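Chemist: Below is a structure I'd like to ask you about.
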Amino acid sequence: MAIEKNYYTIDPQGRLKCFKCGVALVKGKAKFMYLDNGFPVELPVCPVCGFVYVPEELALGKVASVERALEDK
Amino acid sequence: MSQIQERGSTHVYKVNKISKEEMDAMTARCVYEQPSFCSAACPLKLDVRAFMQAAAGGDFKKALQLYEKVAPFPLALASACEAPCEGKCRLGEIGDAVSIRAVESAVARFGEGSKLGGVFRMKKRKTVAILGADLLTLFLAGELEKKAYPVTVFCEQADLESYLRACAPFLSDALFPLEYKRLQEKDIQFEFDRRPDAALYEEIKARFDVRCASMDAARALFPAAAPVQELMFLEEEKLVCGESAGVLDKAFGAKKAALTVDRLAQNLDPRNMRGSEGACESRLYTDLSEAKSLRRVPCGEEGYTKEEAVREAGRCISCHCEECLKSCAYLKHYKKHPGLLSREIYNNTQIIMGDHPLNKAMNACSLCGQCSVVCPNGFDMARVCAAARRNMVSTDKMPLAPHEFALMDMLFSNNEAFLSRPQPGFETCRYVFFPGCQAAAIAPATVKAAYLDLCARLEGGVALILGCCGAIADWAGREEMEEQVRAQLDRELAKLGDPVVIAGCPSCAKELRAFSGREVRGIWDVLLELGLPAGARALERPAALHDSCGARGDEATQRAIRALAAQLGCTLTDTPYSGDRSPCCGYGGLTAYANREVAAELTDKCLERSDAPYLSYCMACRDRFARQGRESRHILELCYGTDAGSPPDISEKRWNRLSLKNELLQELWLEEPMEKKRDYQLLWTEEGRAMMDERMILADDVIAVMDAFRENGEAIEDEDGLLVARRRVGNATFWVKFRIEGEDAYRICRAWSHRMNVVKREG
Ligand SMILES: [Zn+2]
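Chains D and H are the protein sequences, given in the same order.
If you use the working numbering, the first sequence corresponds to residues 8 to 80, in order.
If you use the working numbering, the second sequence corresponds to residues 101 to 863, in order.
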């Protein structure tokens, strides 16, 4: 199996659950997309409905700084 | 609601709109990089400012290094230089010019010379011979030694001492030994007792690559010699020599000759690649108002002592033009003079691939035009930045993020919150009141009072348009959007019977005047004619009047506002930078959206002028000063006896516009507004509301998320039992953290957003 590079990984470690499905979120594969660039990441994901969670710290930190960098391309 | 299309890719190639020539013409107006007047007058191009700064700081070693760059024999030059620099010293216009030559002489006496020479220095391969002994060839020998040529001087004198006496007979007994020592330390070869005759000339022709001669020696050899003066070159003999008038001209002649030697040594034509030589004119501007010590330090027979030289050098005001940097917080923030910043911004627009490092700077200018007034040459940073923004937009390189909120706000003003109606009872009107989007957002009650007053006191009907004039699109460089606004307003004005526009905001007045071709007046002019309405009242304390950047160059408006303030009974305190020189509050040019740090610095710069309450005639100014905690009033609030109170947050600004529209529709036009009813209740926490304002998240964005949650039930539950729902709205994803409080009620705790789209990945 090929090793895939992930730009960022968050493991919910059972602390979050999907309100709709009633199950714990798991570490799952997701992708950020912006201005024709894609970044594979691992984020808390609902194993049933696929809800991908972007926590506040991630949105304001890493995500915001990547956005700024891409916007000035 | 409408949305703005994000550019799809960062790999777009389109043609430019600004030409290099256009930009060069703009940047050439900045004189910051011009030499000082004294340096420009010096054919040797001594950096007098740096020299004086070093001397004034007591660093004679550094000062001497700077002087030796142009004078290999500093005492010889400084003793007798004609010093045209002193005649150009600006202090001479209001007092005594700086005694530049006397300071040079002191530096040459007390400074520690540089030790460039010595055995370890690599010498050039081409050899040079100099015939004769005079001041010009002494300087030339020094110049060539500095350039690392192996130099041999052939002279009639018997020894070095008599050689120096022949070259510089004016050196005093005190100075001679110093310069003699300097000459001894230089790596120059001498052949004494050699007369410059034909035999010697043949000998050196055979032995050396390049030949130079004093003019006396050249004439002894070739009585009809007429060298090319600019090159110091006798072409037919390939002999470096030339006439010279005074001491400084000999130093300059030596410089020109040394450059010719350089060219000849490389087998190049001495005419080419000489750069700019000699004295020039400076276009620099200097503010002399802060010059303090106007009297020169008296100089004795022996010249300045070290301490006296330090004091005299300290009188130099180091002529620099920083008029714009002194007055503009934006330029101060970037610590760059506008000529340089403009070039960098222009280069930024030319980048096809990769980072655009100047995006932020380009979007931080408030486009207020203050620089064009304070700059002695009228440099206009606004023109540069506005052109650069339009260029970035047209080439699809402009990021949407810095301006999207403002542009969406404009779309909101001209869609949901837009209103255009003739006065009830009229089909068409003689006037239309256009208060501006910020007035409706910040002081809706004032707008309503003003409209009712105009309706009551003006004949012929007063229509009302609530909307944005398009300035926001203009500031963002979005020409297409600006055109759309103009077309919309044109249509509405035509429907209303092409009324005279009564603008409530100087920026709107300017914008509407620019495109509508209709008569545009300020409400201040109308109120001056009609007289103040009942209920008008002055500020109790003296106030500082802040002129709007929209009224820059509009003397009539500035005067009308002052007249209105006087009628109100306001006492105005004088502030520096008023009228045309007024700085921007930080809202202009969308700085408040694109660069909040610079916007805050602009606001502070406005407020540092006075401790008094601020009176303004632009709602954006009123709002920014109030947000900064200053008592701040718009002149219309005083005219109508209203108080807009503490500044609204971004959501309240929208709500104010919408409810003003709905209120007027109901009360004046008896129309039932279309209000969206929510079947659930939102409760806000103070923390949540403050966070939303800080992060530019609107209550409408939160409502969109909660609507989605109500519909699909999708949310995350964290360990504290708080729920987090999300929704993609336009170009951003909004997240809301909330608590369910009873049936159909939610308490909003936190909110955040990001522009990147996140999706699940398979595998
Ligand atoms: Zn789920």
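Note that the Cβ used here is the ideal one computed from N, Cα and C, for glycine as well.
Since this is a predicted model, take the numbers as computed values, not measurements.
1) Within this structure, are the beta carbons of A865(H) and F533(H) separated by less than 9 Å?
2) Which residues in chain D sit within 8 Å of I623(H), going by Cβ to Cβ distance?
3) Tell me whether V615(H), by its Cβ, gets closer than 8 Å to a heavy atom of ligand 1.
4) What are the start and end residues of the beta strand (DSSP E) that includes L42(H)?
5) Measuring from the CB of V33(D), is there a heavy atom of ligand 1 at a distance below 8 Å?
6) Output, in chain order, the set of chain D residues within a Cβ distance shorter than 8 Å of W852(H).
7) Residues around ligand 1, please: the ones whose beta-carbon is closer than 6 Å to some heavy atom of it, in chain order.
8) What residue range is occupied by the uninterrupted alpha helix (DSSP H) comprising G353(H)?
9) Kindly indicate if chain D contains any beta-carbon less than 9 Å away from that of W835(H).
10) How would you list, in chain order, the residues of chain H whose beta-carbon sits under 8 Å from the beta-carbon of V59(D)?
11) Have a look at W624(H) and C475(H) and give me their C-alpha separation to the nearest angstrom.
12) Which partner residues of T252(H) appear in the DSSP bridge assignment?
13) Are A429(H) and L782(H) touching if we call contact CB-CB under 9 Å?
14) If you follow the beta strand (DSSP E) that P47(D) is in, where does it begin and where does it stop?
15) For V73(D) and chain H, any beta-carbon pair shorter than 9 Å?
16) Determine, for K24(D), whether the minimum Cβ-Cβ distance to residues of chain H falls below 9 Å.
17) Only counting the same chain, and skipping five residues up and downstream in sequence, which positions put a Cβ closer than 7 Å to that of N695(H)?
18) Check each candidate in A744(H), V805(H), T742(H) and R489(H) and name the one with the smallest Cα separation from A576(H).
19) For V7(D) and G35(D), what's the separation of their Cα atoms in angstroms?
20) Interface residues of chain D around A501(H) at Cβ under 9 Å?
21) So, is the C-beta of G217(H) closer than 9 Å to a C-beta in chain D?
22) Does F270(H) pass the burial test, meaning 16 or more other C-beta atoms within 10 Å, or should it be called exposed?
23) Can you give me, in chain order, the residues of the region 13-38 of chain D that have a beta carbon less than 8 Å from any beta carbon in chain H?
24) What is the C-beta distance between G686(H) and R724(H), in whole angstroms, given that I count them as a contact (C-beta under 8 Å)?
25) Strictly under 9 Å for the Cβ-Cβ distance: is V52(D) near chain H by that measure?
26) Is it buried or exposed for Q470(H), if we count other Cβ within 10 angstroms and need 16 for buried?
27) Using the beta-carbon count (16 or more within 10 Å), is Q103(H) buried or exposed?
28) Which class does L632(H) belong to by DSSP, given the choice of helix, strand or coil?
29) Which runs of the alpha helix (DSSP H) fall wholly inside the region 534-611 of chain H and span at least 4 residues, in chain order?
30) Going by CA-CA distance only, name the one from Q153(H), A665(H) and C189(H) that's closest to A141(H).
31) Which residues, in order along the region 817-850 of chain H, keep a beta-carbon less than 9 Å from a beta-carbon of chain D?
32) Could you check whether the Cβ of D455(H) sits closer than 9 Å to any Cβ belonging to chain D?
33) Can you name the start and end residues of the beta strand (DSSP E) that M40(D) belongs to?
34) Within the same chain, show all residues whose beta-carbon is closer than 8 Å to that of G217(H), passing over the 5 residues directly before and after it, in chain order.
35) I want to see whether chain H comes within less than 9 Å of V70(D), judged by CB atoms only; does it?
Modeler: On the basis of the supplied data:
1) Here chain H has residues from 101 to 863 only, and residue 865(H) is not among them.
2) For the purposes of this step, residue 623(H) is taken as residue 523 along the second sequence, with counting starting at 1. Taking a Cβ-Cβ threshold of 8 Å, none of the residues of chain D is close to I623(H); the smallest such distance is about 39 Å.
3) Reading the second sequence from its first residue, position 515 is the one you call residue 615(H). For clarity, residue 615(H) is Phe in the given sequence; the question names Val instead. Every heavy atom of ligand 1 is 8 Å or more from the Cβ of F615(H), so no.
4) Only positions 101 to 863 of chain H appear in the structure, and residue 42(H) is not among them; the question remains open.
5) In the first sequence, residue 33(D) corresponds to position 26, counting from 1. Relative to ligand 1, V33(D) has its C-beta separated by 8 Å or more from all heavy atoms.
6) To locate residue 852(H), count along the second sequence from 1; it is residue 752. Those within 8 Å of W852(H) in chain D are E63, A66 and L67.
7) That gives C25(D), K27(D), C28(D), C53(D), V55(D), C56(D) and F58(D).
8) Counting from 1 along the second sequence, the entry for residue 353(H) is found at position 253. Per DSSP, G353(H) is one residue of the alpha helix (DSSP H) stretching across V347 to A365.
9) The residue given as residue 835(H) occupies position 735 in the second sequence. Judged by the 9 Å Cβ criterion, W835(H) is in contact with chain D.
10) Taking the first sequence and counting its residues from 1, one reaches residue 59(D) at position 52. Think of a sphere of 8 Å around the beta carbon of V59(D): the chain H residues whose beta carbon falls inside it are V858, V859 and K860, in chain order.
11) Stepping through the second sequence from its first residue, residue 624(H) is reached at position 524. Stepping through the second sequence from its first residue, residue 475(H) is reached at position 375. C-alpha separation (whole angstroms): 30 Å.
12) Counting from one through the second sequence, the residue named residue 252(H) turns up at place 152. For T252(H), which the question treats as bridged, DSSP gives the partners A229(H) and Q289(H).
13) The sequence position of residue 429(H) within the second sequence is 329, counting from 1. The sequence position of residue 782(H) within the second sequence is 682, counting from 1. No; because the gap between Cβ atoms is not below 9 Å, this pair is not in contact.
14) Numbered from 1 along the first sequence, position 40 holds the residue referred to as residue 47(D). It spans N44 to V52 - the beta strand (DSSP E) in which P47(D) sits, taken as one unbroken run.
15) The residue labelled residue 73(D) in the question sits at position 66 within the first sequence. At a cut-off of 9 Å between beta carbons, V73(D) contacts chain H.
16) Working through the first sequence from its first residue, we reach residue 24(D) at position 17. Against chain H, the CB of K24(D) has a partner CB under 9 Å away; the residue lies at that interface.
17) Taking the second sequence and counting its residues from 1, one reaches residue 695(H) at position 595. Cβ neighbours of N695(H) beyond the five flanking positions: K460, N463 and A464.
18) Your numbering for residue 576(H) matches position 476 in the second sequence. The option with the nearest alpha carbon to A576(H) is R489(H).
19) Because chain D is modelled from 8 through 80, residue 7(D) falls outside the range shown and cannot be assessed.
20) Here residue 501(H) refers to the residue found at position 401 of the second sequence. Neighbours of A501(H) on chain D, chain order: E74, R75 and E78.
21) Counted from its first residue, the second sequence places residue 217(H) at position 117. The pLDDT assigned to G217(H) is 49, lower than 50, so where the model puts this residue is not dependable, and the model offers no usable value.
22) Position 170 of the second sequence holds residue 270(H). So F270(H) counts as exposed.
23) Taking 8 Å as the upper bound on Cβ-Cβ separation, chain H lies near residues R22, L23, K24, C25, F26, K27, L32, G35, K36, A37 and K38 of the region 13-38 of chain D.
24) Taking the first residue of the second sequence as 1, we reach residue 686(H) at position 586. Taking the first residue of the second sequence as 1, we reach residue 724(H) at position 624. Right, their Cβ atoms sit about 5 Å apart.
25) Reading the first sequence from its first residue, position 45 is the one you call residue 52(D). With 9 Å as the cut-off, V52(D) counts as an interface residue toward chain H.
26) Start at 1 with the first residue of the second sequence, and residue 470(H) comes out as number 370. By the 10 Å Cβ count, Q470(H) comes out buried.
27) Numbered from its first residue, the second sequence carries residue 103(H) at position 3. Looking at its Cβ environment, which holds fewer than 16 other Cβ atoms inside 10 Å, Q103(H) is exposed.
28) By 1-based counting over the second sequence, the position of residue 632(H) is 532. The three-state secondary structure of L632(H), taken from DSSP, is coil.
29) Listed in chain order, they are 537-542, 544-557, 571-576 and 579-595.
30) To locate residue 141(H), count along the second sequence from 1; it is residue 41. Nearest C-alpha to A141(H): C189(H).
31) Under the 9 Å Cβ criterion, the region 817-850 of chain H contributes E817, D818, E819, L823, V824, A825, R826, T833, W835, K837 and R850.
32) Here the question's residue 455(H) lines up with position 355 in the second sequence. The beta-carbon of D455(H) is placed less than 9 Å from the nearest beta-carbon of chain D.
33) Your numbering for residue 40(D) matches position 33 in the first sequence. Where M40(D) is concerned, the enclosing beta strand (DSSP E) starts and stops at V33 to Y41.
34) Your numbering for residue 217(H) matches position 117 in the second sequence. Per-residue confidence for G217(H) stands at a pLDDT of 49, beneath the threshold of 50, marking its modelled position as unreliable; the derived number appears in the next sentence. If you ignore the 5 residues before and after G217(H), its C-beta comes within less than 8 Å of the C-beta of E245, E285, K286 and D287, all in its own chain and listed in chain order.
35) On the first sequence, position 63 is the one that residue 70(D) refers to. Judged by the 9 Å Cβ criterion, V70(D) is in contact with chain H.
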